[in-house]
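The opening residue of the sequence shown carries number 25 in our numbering; numbering runs sequentially from there.
Take a look at the structure below.
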Amino acid sequence: MQIETINTTPYADQKPGTSGLRKKVHVFQQPHYLENFIQAIFDSLDDYAGKTLMLGGDGRYFNRPAIQIILKIAAANGFGEVLVGQGGILSTPAASCVIRKNKAFGGLILSASHNPGGPDEDFGIKYNIGNGGPAPEHITDAMYRHSREIAQYRILDAADIDIDEQGSCRLGEMAVTVIDPVDDYADLMSRLFDFDLLRERIGSGALSLCFDAMHAVTGPYARRILQEQLGAAPGSVINAEPKEDFGGGHPDPNLVHAHELAELMFSTQAPVFGAASDGDGDRNMVLGRQFFVTPSDSLAVMAANAHRIPGYKDGLIGVARSMPTSRAVDRVADSFGVDCYETPTGWKFFGNLLDAKRINLCGEESFGTGSDHVREKDGLWAVLFWLNLLAVRRQSVADIVREHWKQFGRDYYSRHDYEAIDAGLANDIFDQLRSSLPRMPGKTFGESTVESADDFRYQDPVDGSVSERQGIRIGFENGSRIVFRLSGTGTAGATLRIYLERYEPDAEKHDQNTQEALEDLIELAETLCGVKKRTGMTEPTVIT
Ligand code: G1P
Ligand code: ZN
25 MQIETINTTP
35 YADQKPGTSG
45 LRKKVHVFQQ
55 PHYLENFIQA
65 IFDSLDDYAG
75 KTLMLGGDGR
85 YFNRPAIQII
95 LKIAAANGFG
105 EVLVGQGGIL
115 STPAASCVIR
125 KNKAFGGLIL
135 SASHNPGGPD
145 EDFGIKYNIG
155 NGGPAPEHIT
165 DAMYRHSREI
175 AQYRILDAAD
185 IDIDEQGSCR
195 LGEMAVTVID
205 PVDDYADLMS
215 RLFDFDLLRE
225 RIGSGALSLC
235 FDAMHAVTGP
245 YARRILQEQL
255 GAAPGSVINA
265 EPKEDFGGGH
275 PDPNLVHAHE
285 LAELMFSTQA
295 PVFGAASDGD
305 GDRNMVLGRQ
315 FFVTPSDSLA
325 VMAANAHRIP
335 GYKDGLIGVA
345 RSMPTSRAVD
355 RVADSFGVDC
365 YETPTGWKFF
375 GNLLDAKRIN
385 LCGEESFGTG
395 SDHVREKDGL
405 WAVLFWLNLL
415 AVRRQSVADI
425 VREHWKQFGR
435 DYYSRHDYEA
445 IDAGLANDIF
455 DQLRSSLPRM
465 PGKTFGESTV
475 ESADDFRYQD
485 PVDGSVSERQ
495 GIRIGFENGS
505 RIVFRLSGTG
515 TAGATLRIYL
525 ERYEPDAEKH
535 DQNTQEALED
545 LIELAETLCG
555 VKKRTGMTEP
565 TVIT
């Protein structure tokens, strides 16, 4: 086995987005494309010689060949050991858990999250640092810089290794240890939640459930924890077999894509609790019988009830939400007298706040919730949190949420996505929105008068770093808000996201249909950005 140095030329498009580098599989399959990016990642890191790297992914198409290549590049670059999930599998939160537990130097997560998988679909690579969280911007910027300058990469000339058997072997000077992908994670969950109580309520059938793994990575995790450890009836976890193409589906846990679960939960056969997770296991959708919990409300309810859950019995330290997430959790933080931070979209911005112990709960409107237990959002963790809460309160999901609204008021909330629109056109929309900002405050549209209008800028309170242009916020005097953002994870054209929010304190008015409750704001958003007029689209591609 010998280390080879291969000459290469840079690709111009290896700039990591909201969550690592995501491209179509055929882009990654271009000669040296993957190798260049991995070498660029390693070139951005210091002092890793002899240290441990974690490696795993969501099992999508191209996961296995990518793992073999990365192992050989890691060996040639001097890592001491790589921990690989068996079969190349590790959910994103489990990867974060493994990095932390083993004090690894960092890790590579192979996933394009909720994007479809397969030869013509998406693949992705994300680097996480030693705290288990996504690399901060100064590191992702360095990766991009190195990818633009790369002239050579190093790779070990060796045969592929068997990643399906647990145990250790050597690849040149480096050790490769294949680990069970579920063990460490399941152990962590059993220390955060009341497994005895859950076993009693779930095992007796009082707390019936359905978990849709969407043919993605959480299948083995959910089967082990929900069915084997907590006694949920066999078949409670559906679509549990991870597949390279996610069964041809779109592994995004929302009412549109998790339709099998949605149909069940809105039928007369619905169990007490329903949930789904995404391709790499970090997102969650929570449902009760005939009841959908918006992710923003879920975060607020979890914050209000954290003290009832063993792992959080000392209560909230502080909370954080991404800027476009509704302000429901702000009101909870206020009532407990703790800080609530508003961060740009993307999990990486929560890491510093968690490390500095300024917060212990955080979330995003995009079906992401998490806590200080790892440094990624965590789908199955959120599911266990809700189950533990249902077991303690012995109420239905709907009753818990309705009581919450009664106490804090309801934030009607929806996100409208316009996908794959022309990138030039999207930029024009933003240029125009930005230039209109200074004239906005004081303007009245129908019943709404603009109170504030800006392009969100975040200064990290821990390290002082600044992130500009994180989305356009327009706040109204009546408490409503419209936010415009361009997606940083899409792989085709541009995706415009419009976030709409209206606060309703009056409990008599908490039973409206969300889209109807937001009708005026939806119209106003179109007046402001003209996306329908300019693209000819009559409706958003996805409404969540
Ligand atoms: C989307 C979500 C964002 C999430 C990210 C990764 O990013 O909006 O909240 O952190 O996926 O799961 P976007 O495509 O909007 O940049
Ligand atoms: Zn994901």
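Note that CB positions come from ideal geometry on N, CA and C, so glycine has one too.
Source: prediction; values computed, not measured.
Review point. Is the closest heavy atom of the ligand ZN to the C-beta of D304 under 8 angstroms?
Key: yes
Review point. How about G157 and E400: do their beta carbons lie closer than 9 angstroms?
Key: yes
Review point. The ligand G1P heavy atoms versus the CB of T565: any closer than 8 angstroms?
Key: no
Check your understanding: Mind checking whether the beta-carbon of T562 lies closer than 8 angstroms to any heavy atom of the ligand G1P?
Key -> no
Check your understanding: Counting Cβ pairs, one atom from each stretch, are 3 or more of them under 8 angstroms apart for the segment 48-61 and the segment 162-177?
Key -> yes
Check your understanding: Any heavy atom of the ligand G1P within a distance shorter than 8 angstroms of the CB on G582?
Key -> No answer is possible for residue 582: the residues shown for the chain start at 25 and end at 568.
Point to revise | Segments assigned alpha helix (DSSP H), at least 4 residues, entirely inside the segment 205-233 | key: 207-216 and 219-227
Practice item. Using only the heavy atoms of the ligand ZN, determine whether one of them is closer than 8 angstroms to the beta carbon of S137. Key: yes
Point to revise | Heavy atom of the ligand ZN within 8 angstroms of R84 beta-carbon | key: no
Practice item. Leaving aside the five residues before and after D487 along the sequence, list all residues of the same chain whose C-beta is less than 7 angstroms from its C-beta, in chain order. Key: N376
Check your understanding: Less than 8 angstroms between the CB of R46 and some heavy atom of the ligand ZN, yes or no?
Key -> no
Point to revise | R509 versus D530 - alpha carbon distance | key: 30 angstroms
Check your understanding: Any heavy atom of the ligand ZN closer than 8 angstroms to the CB of T116?
Key -> yes
**Study point:** Three-way DSSP call (helix, strand, coil) for N31 in this model
**Key:** strand
Exercise for review: Measure the C-alpha to C-alpha separation of T33 and S489 and round it to an integer number of angstroms.
Suggested key: 32 angstroms
**Study point:** Residues of its chain near R434, where Cβ-Cβ distance is below 6 angstroms and the 5 sequence neighbours each way are ignored
**Key:** E528 and H534
Check your understanding: Roughly how many angstroms lie between the CA atoms of D302 and P275, to the nearest whole one?
Key -> 5 angstroms
Check your understanding: Quick one: what's got a C-beta closer than 6 angstroms to A406's C-beta in the same chain, skipping five residues either side?
Key -> N308 and T393
Check your understanding: Beta carbon of R307: closer than 8 angstroms to some heavy atom of the ligand ZN?
Key -> yes
Exercise for review: Give the single residue among Q536, Y72, T568 and A128 whose Cα lies nearest to the Cα of S350.
Suggested key: T568
Practice item. Give the DSSP bridge partners of D441, in chain order. Key: R521 and V566
Practice item. For G448, verify whether its CB is less than 8 angstroms away from any heavy atom of the ligand G1P. Key: no
Check your understanding: Using DSSP with H/G/I as helix, E/B as strand and the rest coil, what is M238?
Key -> coil
Check your understanding: Along the chain, which unbroken stretches of the alpha helix (DSSP H) at least 4 residues long are found entirely within the segment 113-172?
Key -> 116-125
**Study point:** Buried or exposed by the 16-neighbour rule on C-beta atoms within 10 Å, applied to E105
**Key:** buried
Review point. With a Cβ-Cβ cutoff of 9 angstroms, do E389 and R345 count as a contact?
Key: yes
Review point. Between G271 and H239, what straight-line distance do the alpha-carbon atoms span, to the nearest angstrom?
Key: 6 angstroms
Check your understanding: In three-state DSSP terms, what is K48?
Key -> strand
Practice item. Confirm the yes/no value for this check: CB of S322, any heavy atom of the ligand G1P, distance under 8 angstroms. Key: no
Review point. In whole angstroms, what is the alpha-carbon distance linking V317 and I185?
Key: 44 angstroms
Practice item. Consult DSSP for S359 and reduce its assignment to one of helix, strand or coil. Key: helix
**Study point:** Check whether T367 and F360 have beta carbons under 9 angstroms apart
**Key:** no
Check your understanding: Per DSSP, which one or two residues make a beta bridge with D479?
Key -> I496
Point to revise | Beta-carbon separation (whole angstroms), G131 vs I123, contact threshold 8 angstroms | key: 5 angstroms
Practice item. Give every residue of the same chain whose Cβ lies closer than 8 angstroms to the Cβ of G461, excluding the five residues on either side of it in the sequence, and list them in chain order. Key: Here the sequence assigns Leu to residue 461, which means Gly is not the residue at that position. Correct list, in chain order: A477, D478, D479 and I496.
Practice item. Given a cut-off of 9 angstroms, decide if L231 and A415 are closer than it, judged by their beta-carbon atoms. Key: yes
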